[in-house]
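2 protein chains.
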Amino acid sequence: MNGREISNPLDLKQIQVTDAFWHREQELVRTQVLPYQWDALNDRVEGAAPSYCMRNFKVAGRMMREKRDKGAAYVAPSYTFRGFEALPEDPANPDEDKFYGFVFQDTDFSKWIEAVGYSLLQHPDPELEKTADEAIDIVCAAQLENGYLDTYYIINGMDRAFTNLRDHHELYCLGHLVEGAVAYYQATGKDKLLRAAERFADYCCQVFGPEPGQCKGYPGHEIAEMALVRLFEEDNQERYLNLAKFFLDRRGTEPFYFEQEEQERAAHDGQPYKKTTNNAYHQAHLPVREQSEAVGHAVRAMYLYSGMADVARLCGDEAMEAACDRLWDNVTREKMYVTGGVGATHMGEAFSFNYDLPNDTAYSETCAAIGLVFWARRMLQLKPRGKYGDVMELALYNTVLAGMALDGKSFFYVNPLDVAPEACHKDGRKGHVKTVRQKWFGCACCPPNIARLVSSVAAYAYTESADTLWFHLYMGSVLTKEVWAGDDSSREKKTLDIKVESQLPWEGKVKVLLRGDRTPCKLAFRVPGWSGGMKVSYRCCGRAGEAAVTGEGLAMGTDFADQTDRAGEQTALSQAAVSYRDGYLYIDGVWQDGDEVDLEMEMPVRILEADPRVREDMGKVAIARGPIVYCLEERDNGKDLHLCRVDLQTLRPSDIRTETTKELGHPMTVLQVPGKRLLPEESGELYRQARPAREEDVTLRMVPYYAWNNRGEGEMSVWVRR
Amino acid sequence: MNGREISNPLDLKQIQVTDAFWHREQELVRTQVLPYQWDALNDRVEGAAPSYCMRNFKVAGRMMREKRDKGAAYVAPSYTFRGFEALPEDPANPDEDKFYGFVFQDTDFSKWIEAVGYSLLQHPDPELEKTADEAIDIVCAAQLENGYLDTYYIINGMDRAFTNLRDHHELYCLGHLVEGAVAYYQATGKDKLLRAAERFADYCCQVFGPEPGQCKGYPGHEIAEMALVRLFEEDNQERYLNLAKFFLDRRGTEPFYFEQEEQERAAHDGQPYKKTTNNAYHQAHLPVREQSEAVGHAVRAMYLYSGMADVARLCGDEAMEAACDRLWDNVTREKMYVTGGVGATHMGEAFSFNYDLPNDTAYSETCAAIGLVFWARRMLQLKPRGKYGDVMELALYNTVLAGMALDGKSFFYVNPLDVAPEACHKDGRKGHVKTVRQKWFGCACCPPNIARLVSSVAAYAYTESADTLWFHLYMGSVLTKEVWAGDDSSREKKTLDIKVESQLPWEGKVKVLLRGDRTPCKLAFRVPGWSGGMKVSYRCCGRAGEAAVTGEGLAMGTDFADQTDRAGEQTALSQAAVSYRDGYLYIDGVWQDGDEVDLEMEMPVRILEADPRVREDMGKVAIARGPIVYCLEERDNGKDLHLCRVDLQTLRPSDIRTETTKELGHPMTVLQVPGKRLLPEESGELYRQARPAREEDVTLRMVPYYAWNNRGEGEMSVWVRR
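Protein sequences, first through last, are from chains A and B. Under the working numbering, the first residue of the first sequence carries the number 154, and numbering increases by one thereafter. Under the working numbering, the first residue of the second sequence carries the number 154, and numbering increases by one thereafter.
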């Protein structure tokens with residue numbers, strides 16, 4: 154085996170998610186989020202600020218028609234800056250020729266169509282597809298002849314297009330359009346939007362590049378990098394990969410493009426130049442291959458690193474890969490919440506400095522956790538390592554899902570780890586922390602981002618190479634893996650049909666049922682970092698075997714007495730070779746109908762502490778079980794959660810009882826933790842002689858973090874005093 | 154004894170401060186702060202932003218001369234709004250006819266002249282007095298014929314004077330002018346500035362008042378209330394007291410004045426009215442007699458409550474007194490740091506909600522602590538209670554003094570209780586927290602406020618009534634108390650000369666040496682809340698006695714066996730009656746030369762905890778001894794102070810050793826506290842299985858909070874994990 158084990162997500166057409174947990178989430182997206190979102194982007198949501206998204210496409214479409222109709226007589230609009238968010242003076246009567254909304258408002262459509270695409274794969278819906286096709290017609294009608302497609306400039310005046318890459322998000326719009334178009338094409342086979350996206354991308358390939366006369370800029374808000382890679386992977390046109398690589402190569406090189414651009418804008422406007430650019434905010438302070446610390450806007454950073462991992466994989470760019478490795482270590486060892494959230498400060502929605510992870514003023518944007526999932530999957534594609542799967546799973550099951558209410562009708566943008574509602578209401582320093590989920594946002598990034606991730610979650614659960622299928626997440630699903638059997642002289646395409654039954658995230662049991670025609674395939678199962686170990690028993694070509702991964706390494710045979718770390722050792726009992734490497738258990742076998750793999754992961758309650766450099770978590774513990782991180786809520790434990798603690802000198806993880814409840818709608822495991830609660834003593838003094846704490850024994854009830862705040866406003870805390 | 158025991162500060166001419174601790178502070182003010190401040194307000198400080206203060210007075214003075222010279226031909230400027238802070242376009246060439254600086258920049262002079270007055274009393278200085286007289290000439294030359302004196306409007310156009318009481322600080326300027334003028338008059342007997350201040354006050358008495366046609370407004374930034382009371386107390390003109398009372402009576406009544414005013418401004422400017430007024434920020438949300446919670450800008454609140462206490466005292470206004478009582482309890486039981494700082498949030502430099510006292514993002518402005526000292530003294534004047542003295546002393550010895558470096562050359566505006574410099578530099582949320590003291594501030598309130606308080610500190614140490622002298626603070630001093638002896642038929646003025654020798658704040662021993670001619674006087678000694686108790690031995694008319702105050706009450710006699718709480722009991726041994734009431738030990742005696750009172754207060758190290766509703770201090774203790782609160786500094790204890798803790802299960806206050814050091818310039822007591830320090834363990838994991846803490850025994854060195862940050866930048870923490 155060489156050092157490279159590059160893999161790709163499976164074609165989503167080859168997977169159906171049947172998992173109880175994830176099917177429910179996907180149904181929420183399908184039945185709640187997508188219809189709501191469609192109404193929102195058509196300004197039909199009572200009480201919500203209009204999006205103006207589809208309206209802008211229609212305005213631009215009318216302009217395009219007028220242009221064609223008038224021919225040479227058509228007078229194009231001359232650019233007027235309308236602000237980062239343009240709102241009508243009289244909201245009841247928006248001017249019919251004007252652009253409204255945020256500069257990136259077009260992406261509302263792109264994110265919606267992407268989620269629609271994924272959803273149609275899981276759940277065909279002709280009516281939804283018809284709505285989508287009509288929307289695509291409206292969008293495509295707005296496109297310029299040269300392929301440009303961003304209604305902000307089309308409507309406001311193209312003469313200043315691409316003169317503010319730092320703030321005006323045109324390349325961000327390109328990226329989302331490409332993502333949406335590819336997804337919709339892959340789902341439906343309809344290529345109208347894909348062709349439009351390619352034309353916009355082609356236009357950008359002309360405008361941007363290393364040749365003289367081409368613009369040397371790059372996106373202010375990254376996403377185009379990974380989107381262009383995706384387009385390349387769809388249609389194999391190298392120019393898209395090259396443009397992605399060009400954006401990465403230029404980023405952060407001197408002279409800094411955003412500063413040059415700002416100078417040019419000042420000169421154009423006849424204004425004195427005053428530097429307002431913060432390159433680090435855009436991850437443009439250093440060439441990307443030299444970056445080692447995650448800085449600036451967290452979502453942008455995650456999208457950038459995702460694109461970097463893509464290019465490292467496709468181009469075998471070792472310096473890029475090394476930068477990804479350094480950044481990964483920095484994020485996951487110094488800048489990530491225990492819930493998988495990233496971006497600790499609301500100031501710039503950004504990464505704070507190492508180990509600065511405040512719980513009550515956390516930003517931890519839902520979209521940043523989603524970005525971390527994107528990046529983790531791409532790191533897994535580059536090299537399968539359990540640590541990437543662990544973080545992907547952590548972010549997904551905790552911060553991403555916490556972003557959406559259990560009824561799919563309201564959303565968190567910010568995901569704090571400690572909430573006292575009074576503080577959020579009365580203290581401006583916590584003004585960004587909402588105490589209840591919101592219906593929708595003017596800047597609607599998080600809800601549609603959840604929608605596109607949840608409806609494509611299978612693309613994160615599995616990746617494949619020619620001969621290997623990796624199980625990164627465990628979810629009930631039915632899927633097909635194609636493999637080429639035989640040697641070079643006679644190769645034959647075979648399929649392995651797989652049915653996965655999973656009890657995750659509540660129990661660690663997974664059954665993998667296989668149907669094949671003596672199909673050779675390596676199955677790679679992630680051994681989660683949260684499990685004490687994993688036992689596997691399997692039947693391969695009818696012969697049974699078993700193995701286990703423990704803290705000691707791999708053990709094989711019936712009684713696991715033969716402790717060994719040797720990779721690829723053939724067991725006596727089966728036709729499969731079992732090995733363990735980098736957090737994955739590999740079973741290299743030849744499979745036939747009736748074969749089966751049973752996994753059993755230990756799922757102990759874990760009492761976690763943070764690195765002591767995290768000042769905020771000093772003297773506290775967090776409690777987790779499997780991939781789920783738990784929290785205290787006022788509803789279960791009364792007010793003043795900070796009075797609660799667990800006594801680590803006496804508490805053993807085994808003292809913590811699990812309880813399955815349907816109280817919050819779907820069955821979930823909650824924890825009963827023996828704890829203590831400080832008894833209030835009114836002394837009338839703010840400061841007094843310290844005395845031994847008078848405490849009562851209590852049972853603390855902890856619910857999954859993703860399920861918090863579904864029973865009204867109240868206090869919440871992930872970290873508990875020890 | 155009736156319920157009222159109203160008192161007044163002594164005439165500062167009757168006191169000389171000889172105390173080692175306070176004399177040093179006063180000398181810093183005299184030799185460092187006052188000369189620097191004079192240079193600052195004349196724009197002569199290299200590298201500092203110009204104040205423009207004296208320059209503005211000169212500009213206005215030239216305008217007044219021109220007006221007199223031209224007579225009817227003079228054209229007054231028509232008002233132009235110049236911003237809350239007006240700066241010249243070209244700093245090298247300010248326009249010679251314009252006002253520059255903050256709208257309240259005139260107060261730079263007023264605060265300086267006030268401190269100069271106090272300083273001249275302690276240390277005559279003909280040259281400084283000559284400078285001051287010349288400055289007064291410049292200021293008085295700027296005054297309008299009608300008495301108005303605020304250069305912002307005089308220069309920018311009087312047509313809009315008094316149209317923005319909320320923000321434009323004219324009445325704040327009046328207040329500081331009065332305070333400065335009275336102080337300078339009391340010190341020197343020169344009344345030029347006092348007459349100018351009276352003329353401005355007289356003009357305000359015409360403009361503001363209950364009569365039809367008079368303005369019904371009140372100050373946006375309070376201080377005029379207490380200043381007008383002071384003016385009344387100096388010259389006995391009732392109209393000044395009435396104006397103070399009028400401002401208080403109107404404040405917070407509906408319709409809200411600041412909103413009306415804002416509407417009128419909008420109408421005048423032809424702009425649509427948009428409410429921006431936050432009445433609570435100005436303590437104008439409720440009639441003052443109905444207020445119970447300290448809200449809004451903390452300095453303004455302290456100044457308001459000071460004025461309320463003054464008016465309650467002078468007018469016997471019980472509803473006002475009750476409001477002061479409620480606000481006092483709220484501030485000191487729910488909103489005060491253990492250092493005596495108030496105003497927990499930088500957003501609006503304001504009070505946060507009850508028990509919200511963050512240590513690392515604290516605002517705790519120096520001026521707010523000074524305002525708390527002002528208010529506490531006024532509460533003591535209204536009724537002597539030990540709790541007011543305790544808080545006054547706490548704020549003074551800790552937060553106020555922390556505001557100034559030990560060399561008097563740099564200043565803190567914000568007084569955090571927990572500092573990690575990296576966080577302040579890298580985290581915008583802590584951008585207001587400076588890690589080293591600053592030379593001076595554009596908005597120069599704190600340094601001159603320290604100067605005026607420190608140089609008049611004797612006015613806080615003592616108050617008197619006709620027959621009683623209260624010792625609120627203990628400081629070495631020489632003073633004279635005048636009393637009337639005899640009955641109504643034959644009254645005779647006698648003096649009691651008093652010399653106080655004090656070892657505060659380091660030891661609790663105080664000696665009071667008396668010289669009298671059978672002078673009857675009650676001496677009232679505060680028994681500090683921080684002391685376990687106080688012993689007193691005294692010689693009165695040559696006969697000795699002794700008593701003690703303990704937690705049980707008052708004990709008298711040689712062996713203190715006769716435990717009693719009876720007030721006014723005559724002892725067998727002396728001619729003095731000793732009683733204890735509300736935190737004060739009273740010795741009612743007739744004194745003659747050679748009499749003496751010796752106080753001995755216990756000064757144990759105190760280990761304090763906060764009310765558990767203070768979330769930030771949960772699981773932590775603060776350490777204090779006498780009036781001094783201690784802190785850990787990186788210089789003594791290494792980086793990562795949060796790794797340190799004390800073990801309350803084993804630590805006894807008596808284990809904490811005191812050490813006297815001159816390391817920081819003057820002799821001070823520092824503490825050696827047996828503690829523990831978490832040993833760093835590199836696991837490479839941000840979150841890991843919680844394990845028992847591996848700690849080493851260490852001796853934590855704690856220095857007085859007021860002395861922190863005099864040895865370079867570094868971490869600091871008042872609260873220590875327990």
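All C-beta atoms, glycine included, are put in the ideal place defined by N, C-alpha and C.
Coil, strand or helix - residue i by DSSP
i: C468/B; result: helix
i: K211/A; result: helix
i: C598/B; result: coil
i: G270/B; result: helix
i: G721/B; result: The predicted position of G721/B is uncertain, since its pLDDT is 40 and thus under 50; a value taken from the coordinates is nonetheless stated next. Coil.
i: I781/A; result: strand
i: G685/A; result: coil
i: A201/A; result: coil
i: E157/B; result: What sits at residue 157/B in the sequence shown is Arg, not Glu. Correct three-state label for R157/B: coil.
i: L707/A; result: strand
i: A380/B; result: helix
i: C693/B; result: strand
Distance CB(residue i)-CB(residue j) smaller than 8 Å
i: K773/A; j: E868/A; result: no
i: E753/B; j: K662/B; result: yes
i: T633/A; j: T648/A; result: yes
i: L327/B; j: C357/B; result: yes
i: L535/A; j: E474/A; result: yes
i: V743/B; j: R671/B; result: yes
i: A522/B; j: N483/B; result: no
i: S757/A; j: P806/A; result: Just to set this straight, residue 757/A is Pro in the shown sequence, not Ser. In contact: P757/A and P806/A (Cβ atoms closer than 8 Å).
Integer Cβ distance of residue i from residue j, believed to fall under 8 Å
i: Q185/A; j: G706/A; result: Their Cβ separation, rounded to whole angstroms, is 46 Å, which puts Q185/A and G706/A out of contact at 8 Å.
i: M489/A; j: R582/B; result: Not quite, the Cβ-Cβ distance comes to about 19 Å (not below 8 Å), so this is no contact.
i: E866/B; j: T588/B; result: 5 Å
i: G686/B; j: A701/B; result: 6 Å
i: P372/A; j: L324/A; result: 4 Å
i: V335/A; j: L394/A; result: That belief does not hold up - the Cβ atoms of V335/A and L394/A are roughly 14 Å apart, past 8 Å.
i: V382/A; j: D463/A; result: 4 Å
i: V453/A; j: H435/A; result: Here residue 453/A is Arg; the residue named in the question, Val, does not match the sequence. With a Cβ gap of about 6 Å, R453/A and H435/A count as contacting.
Interface residues of chain A facing residue i [CB-CB closer than 8 Å]
i: Y840/B; result: V491, L761, E762, A763, D764, A775
i: E487/B; result: L839
i: S505/B; result: K579, D580
i: R830/B; result: By Cβ distance, chain A contributes nothing, its closest Cβ being about 10 Å from R830/B, past 8 Å.
i: A843/B; result: I760, L761, E762, V774, L801, R875
Per-residue contacts from residue i into chain A (C-beta, under 9 Å)
i: R874/B; result: M771, G772
Proximal residues of chain B, C-beta to C-beta of residue i below 8 Å
i: A576/A; result: F506, D509
Per-residue contacts from residue i into chain B (C-beta, under 7 Å)
i: M500/A; result: G581, R582
Within the region 510-596 of chain A, ranges of the alpha helix (DSSP H) (whole runs, at least 4 residues): 519-535, 539-548, 574-579
Identify every run of the alpha helix (DSSP H) within the region 301-373 of chain A, keeping only runs that are complete inside it and at least 4 residues long; order them along the chain. 304-309, 323-341, 345-360
Complete alpha helix (DSSP H) runs within the region 785-832 of chain B (minimum length 4 residues, chain order): 787-790
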